[in-house]
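J.:
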Amino acid sequence: MAVRKQLTVSWQNRAGELANVCRVLSDVGINIEALATAEAGEYGAVRLVVDDVGMARQVFHKAQVAHTTIDVFVIELPNRAGSLADIAGRLSEEKINIEYFYSAVAPGVERALGVFKVSDPWRADEITNMMEAND
392 MAVRKQLTVS WQNRAGELAN VCRVLSDVGI NIEALATAEA GEYGAVRLVV DDVGMARQVF
452 HKAQVAHTTI DVFVIELPNR AGSLADIAGR LSEEKINIEY FYSAVAPGVE RALGVFKVSD
512 PWRADEITNM MEAND
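Position one of the sequence shown corresponds to residue 392 (the numbering used here), numbered consecutively onward.
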């Protein structure tokens, strides 16, 4: 599908932090397309893919929300058994390491959005485009 920018916000692990990040974005009409949280004791982080990363960075700066950005590989996955195994297997064959992955899908929905932090997002995108062309 595409290489996209992922925003990561780190925080103290306490009530209201996620709500604050989401509110800062929603107040200016930025939609969160994918989100995952992580925690390490008293600290936590949220990883976000949004529909307007440039605007998100601006509002984070204005609100003094510390953040970083990295490239991630984002793809729509069929909501069926084996679709993630197919992609992960193909990336493994090409020696592309999957450092982490997050996704979700609602019951009855045909496709899920998968976000991969991989060693080479541009090559991962190329490989999956070739896979789609061969289907």
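We put the CB at the ideal spot given by N, CA and C, even for glycine.
Please read these numbers as outputs of a predicted model, since none were measured by experiment.
Count the other C-beta atoms from every protein chain shown that fall within 10 angstroms of the C-beta of V519, then say buried if there are 16 or more, exposed otherwise.
T.: For the record, residue 519 in the displayed sequence is Thr; it is not Val. T519 is buried by the Cβ-count criterion.
J.: Can you have a look at I461 and say buried or exposed, based on whether 16 or more other CB atoms are within 10 angstroms of its CB?
T.: Classification of I461: exposed, given that the 10 Å Cβ count is below 16.
J.: Going by the DSSP bridge assignment, what does F492 pair with across the sheet?
T.: Beta-bridge pairing links F492 to F507.
J.: Could you give the DSSP three-state label for A436: helix, strand or coil?
T.: Strand, per DSSP.
J.: At which residues does the beta strand (DSSP E) containing E430 begin and terminate?
T.: 423 to 431 is the extent of the beta strand (DSSP E) around E430.
J.: Determine the burial state of G420: buried for a count of at least 16 other Cβ atoms within 10 Å of its Cβ, exposed for fewer.
T.: Exposed.
J.: Provide the residue span of the beta strand (DSSP E) that contains R395, from first to last.
T.: 393 to 403 is the extent of the beta strand (DSSP E) around R395.
J.: Measuring straight from C-alpha to C-alpha, what distance separates V444 and Q403?
T.: Going by the C-alpha atoms only, they are around 23 Å apart.
J.: Starting from the C-beta of S474, find all residues in its chain whose C-beta is less than 7 Å away, skip the five residues before and the five after it, and write them out in chain order.
T.: Around S474: L468.
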